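Take a look at the structure set out below.
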Amino acid sequence: MSMPDPESDGALFVYGSLLDAAHRAAMLGREVAAAPARFEGYERRRGRYFYIVERAGVATPGLVLSGLGERDFAVLDRYEEVPRLYSRVKVEVTSAAGAALRCWVYLPTPSLLAASA
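Counting in the numbering used here, the sequence shown runs from -6 upward without gaps.
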């Protein structure tokens, strides 16, 4: 088992319905810190759900949520229907100040992409 990465383990980049603070608070039962960021090389699209796909020269705007715990991720994984619709992976995003941030993001699975095509 690898050591937890304190910088990224409790952080999540969101780009769709989780941008809504009231929606997040209702799901998690509390407010969480959120800061603007962008995911370089990915484009946001929407079928039935929001999702992102790799595309050179673009960036997806969103927020990095921080201070998330295991319980929060359990709730969010269930909401995002991991592993059926999304998988949660570690990525690097760019903060509003231009700093690189390691965090989790939900990427679409082949079954979500097939349903959105």
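Note that beta-carbon positions come from the ideal geometry of N, C-alpha and C, so glycine has one too. Predicted model, so just to flag it, every value in this text is computed and none were measured.
For P54, the first and last residue of its enclosing beta strand (DSSP E): F43 to S59
Spatial distance of L69 from E36 (CA atoms): 22 Å
Proximal residues to R48 (C-beta, below 6 Å), its chain only, five neighbours per side dropped: E36
DSSP three-state assignment for A107, whether helix, strand or coil: helix
Proximity below 9 Å, CB of R17 to CB of V7: In this structure, the beta-carbon distance from R17 to V7 falls below 9 Å.
Other residues of its chain near A30: CB distance less than 7 Å, five sequence neighbours each side excluded: The beta carbon of A30 is closer than 7 Å to those of F6, G55, L56, V57, V86, T87, S88, A89 and L94 in its chain, skipping five residues each way along the sequence.
V75, DSSP secondary structure in three states: coil
Buried/exposed call for V82, threshold 16 Cβ in 10 Å: exposed
Three-state class that DSSP yields for A92 in the structure shown: coil
Local conformation of V25 per DSSP, three classes: V25: coil per DSSP, three-state reduction.
Y35 - partner residues in DSSP beta bridges: E47
For S80 and A127, believed in contact at Cβ under 8 Å, the rounded distance: With the chain running from -6 to 110 in the structure shown, residue 127 is simply not present.
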